[in-house]
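Numbering of the sequence shown is given in the working numbering, commencing with residue 29 and proceeding in unit increments. Here is the structure we will look at, set down as structure tokens.
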Amino acid sequence: MTLPFPAAGLGNLGGMDLSLSQEESEIRDWVRTFVDKEIIPLEQTVLERERRNERGLTIEELRGLQAKARESGFFGVQTPEEYGGMGLGGVMGALIEAELGRSFVQFKFGGDADNILFHANEEQKATYLVPTIEGEKISCFAITEPGAGSDARNLRTTAVRDGDEWVINGEKTFITSGDVADFCLVFAVTDKEKGANGGVTCFLADRETGWTSAEIPTMGQWGPASLSFQDVRVPHSAILGEEGRGFELAMKWIGKGRYLLPARALGACERLVEMGMEHARNRVTFGAPIAERQAIQWMIADSAVEIEALRWLVLQAAWLVDQGVDSRQAQSMAKLYGGVKANEIVDRVLQIHGGMGYTRELPVERWYRELRVLRIYEGTDEIQRRTIARNLLAGHASIRGHLG
Ligand SMILES: Cc1cc2nc3c(=O)[nH]c(=O)nc-3n(C[C@H](O)[C@H](O)[C@H](O)COP(=O)(O)OP(=O)(O)OC[C@H]3O[C@@H](n4cnc5c(N)ncnc54)[C@H](O)[C@@H]3O)c2cc1C
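Set out below in structure tokens:
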């Protein structure tokens, strides 16, 4: 049977190739070696420090590791080359993130900045974007408020114009890096009537403008912070992008790298299952290694299947990003599945380790606590499900995926 017209476009099965290019493999292998040689050996120290309630990796140590990577040209993974970055795409970004995820040590390569800072004007770029890329300044992204999390449109923080300045009042919460940031990208209502439909503006506010922060202890190791704005004055020139267009920028920030979170989880799951298998081979009960028991084998098998499914959800979402087409449905699916499955897998691996899994001698309990947040931030499980179902019901996405 001949097709009435040639298969073409994204769903071109004739063009389907699920292997990595040589360049992709080489970069991935370089990161894998870096993680094995430079990051994993730090894990014991990090665990000991965290047990003493200290930061696992100091900012100086992080910078030192980043500098080492930069010597080999590894800097700004997805930052455009004109800003000194590597300008790598979504698939490569996901592969790199998965390698970094193999360690719970919170390492990231230097040289990146919030994607929406690229919307800055030339002066703002020089003041905020370039120093952030260079690691001289730390930013934080502040949209969530006590009354506006999943329901982000319900912002209450206000910014009122006073001559050539804006006066910001409000509270932000759960802001990653909020306690160490030099400046924040803060979202405030500038037109109550319009609200999130053209009445929210993003401001670049230096810490010196007077906002304060307080760390929020969490069950993971990286405490976000609450930010307080009380009559904080910023110049009109502090607006990022256009007045009233802030909500779109916020959605752009959140939407940019949703596939990168489950990519990191993918690496964690791979390492965890490797640890589980190692333990299962060595732990003998009733005269045989537990690896020979069906109960343990099923946990390993189920985890392996789910890891494989997660890998392809992540890579498909990343690939759609690289194609420049709408990847939101795929990203939501990868984020949802990654969060749910990473939590199930770490639980199984903890179970395989028995009592040892529950102790702080091993990093399993550390991961168990850390991975939980994946089901909450950058869109909870429930919000991802809501998005996925709505896209399908409204006909914006097909149940047959991108192949149609
Ligand atoms: C460690 C950490 C770091 C964070 N970093 C940042 C950051 O850098 N910047 C920032 O702005 N924010 C940040 N956040 C905030 C994060 O994005 C929010 O916590 C998240 O969006 C959920 O909002 P919420 O906590 O207000 O929960 P809520 O929105 O109150 O949700 C509570 C529960 O109700 C469910 N729910 C809500 N609405 C619906 C619905 N319509 N249908 C069904 N179920 C629903 C939720 O899924 C959840 O289970 C961070 C949070 C954490 C924990």
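Note that CB positions come from ideal geometry on N, CA and C, so glycine has one too. Just so you know, these numbers come straight off a predicted model, no measurement behind them.
Endpoints, the alpha helix (DSSP H) within which residue i is located
| i | result |
| --- | --- |
| Pro-159 | 158-161 |
| Ala-425 | Looking at the DSSP string, Ala-425 is not in any alpha helix (DSSP H), and its letter there is neither H nor E. |
| Met-303 | 288-310 |
| Arg-414 | 409-421 |
| Gly-385 | 383-386 |
Rounded straight-line distance, which links the Cα of residue j to that of residue i
| i | j | result |
| --- | --- | --- |
| His-430 | Glu-298 | 27 Å |
| Gly-238 | Leu-399 | 34 Å |
| Leu-38 | Thr-73 | Residue placement at Leu-38 is flagged as unreliable, the pLDDT there being 42, under the threshold of 50; the coordinate-derived value follows with that caveat. Each residue's alpha carbon lies about 47 Å from the other. |
| Gln-249 | Ala-176 | 24 Å |
| Ala-329 | Ala-370 | 14 Å |
| Ala-36 | Ser-426 | For Ala-36, the predicted model reports a pLDDT of 42, less than 50, meaning its position is unreliable; a value from the coordinates is still stated below. Straight-line Cα distance between these residues: approximately 18 Å. |
| Arg-428 | Ala-316 | 46 Å |
| Lys-220 | Gly-407 | 25 Å |
| Tyr-396 | Ala-417 | 29 Å |
| Ala-345 | Leu-288 | 10 Å |
| Ile-411 | Glu-193 | 36 Å |
| Asn-225 | Arg-181 | 9 Å |
| Ile-380 | Val-333 | 17 Å |
| Asn-81 | Gln-134 | 15 Å |
| His-147 | Val-217 | 19 Å |
| Gly-101 | Asp-64 | 18 Å |
| Asn-197 | Val-301 | 47 Å |
| Ala-422 | Val-349 | 22 Å |
| Val-158 | Tyr-111 | 8 Å |
| Glu-393 | Gly-269 | 43 Å |
| Pro-263 | Val-368 | 43 Å |
| Arg-339 | Val-208 | 33 Å |
| Leu-402 | Lys-222 | 32 Å |
| Leu-343 | Glu-125 | 11 Å |
Beta strand (DSSP E) segment containing residue i, residue limits
| i | result |
| --- | --- |
| Ala-253 | 253-263 |
| Arg-189 | 186-190 |
| Ala-216 | 211-217 |
| Thr-240 | 240-243 |
Where residue i sits in the DSSP three-state scheme
| i | result |
| --- | --- |
| Ser-205 | coil |
| Lys-222 | coil |
| Leu-38 | Interpretation of Leu-38 is limited by its pLDDT of 42, a score under 50 that renders its predicted location unreliable; the figure taken from the coordinates is listed afterwards. In the structure shown, Leu-38 sits in a helix (DSSP, three-state: H, G or I). |
| Val-342 | helix |
| Phe-62 | helix |
| Leu-277 | helix |
| Gly-366 | helix |
| Asp-45 | coil |
| Ile-67 | helix |
| Val-228 | strand |
| Pro-317 | strand |
| Ile-196 | strand |
| Leu-268 | strand |
| Val-349 | helix |
| Asp-234 | strand |
| Ile-404 | coil |
| Ser-100 | coil |
| Gln-249 | coil |
| Arg-56 | helix |
| Met-114 | coil |
| Leu-183 | coil |
| Thr-73 | helix |
| His-430 | helix |
| Asn-81 | coil |
| Gly-92 | helix |
| Leu-390 | coil |
| Gly-283 | helix |
is_contact[residue i, chain D] using C-beta, thresh 8 Å
| i | result |
| --- | --- |
| Ala-362 | Protein chains in the displayed structure number just one, and chain D is not present. |
Option nearest residue i by Cα separation, candidates the options
| i | options | result |
| --- | --- | --- |
| Val-105 | Gly-367, Phe-137, Asn-310 | Phe-137 |
| Thr-201 | Val-228, Asn-225, Leu-255 | Leu-255 |
| Ala-233 | Ala-346, Ala-95, Ala-323, Ile-166 | Ile-166 |
| Leu-128 | Gly-352, Ala-293, Arg-91 | Ala-293 |
| Ile-171 | Leu-277, Met-384, Glu-393, Ala-323 | Leu-277 |
| Ala-86 | Met-247, Leu-70, Ala-291 | According to the sequence displayed, residue 86 carries Thr and not Ala. Comparing Cα-Cα distances from Thr-86 to each of Met-247, Leu-70, Ala-291, the minimum goes to Leu-70. |
| Trp-281 | Ala-141, Ile-318, Gly-304 | Ala-141 |
| Val-353 | Ile-318, Arg-311, His-424 | His-424 |
| Phe-62 | Gly-121, Ser-131, Gly-43, Arg-83 | Ser-131 |
| Trp-326 | Pro-391, Ala-308, Lys-96 | Ala-308 |
| Glu-199 | Gly-227, Ala-126, Phe-257 | Phe-257 |
| Met-435 | Val-228, Ser-241, Thr-246, Asn-310 | Nothing in the structure corresponds to residue 435, since the chain is present only between 29 and 432. |
| Arg-356 | Glu-76, Phe-211, Leu-420 | Leu-420 |
| Ala-323 | Phe-275, Arg-376, Gln-351 | Arg-376 |
| Ser-360 | Gly-118, Glu-389, Pro-290 | Pro-290 |
| Phe-275 | Asp-179, Pro-108, Lys-96 | Asp-179 |
beta-carbon residue i near ligand 3 non-hydrogen atom, thresh 7 Å
| i | result |
| --- | --- |
| Cys-212 | Because ligand 3 does not appear in the structure shown, any question about it cannot be addressed here, the ligands present being ligand 1. |
Give, in chain order, every unbroken run of the alpha helix (DSSP H) that is at least 4 residues long and sits entirely within the stretch 120-180. For the stretch 120-180, whole alpha helix (DSSP H) runs of length 4 or above, ordered along the chain, are 158-161.
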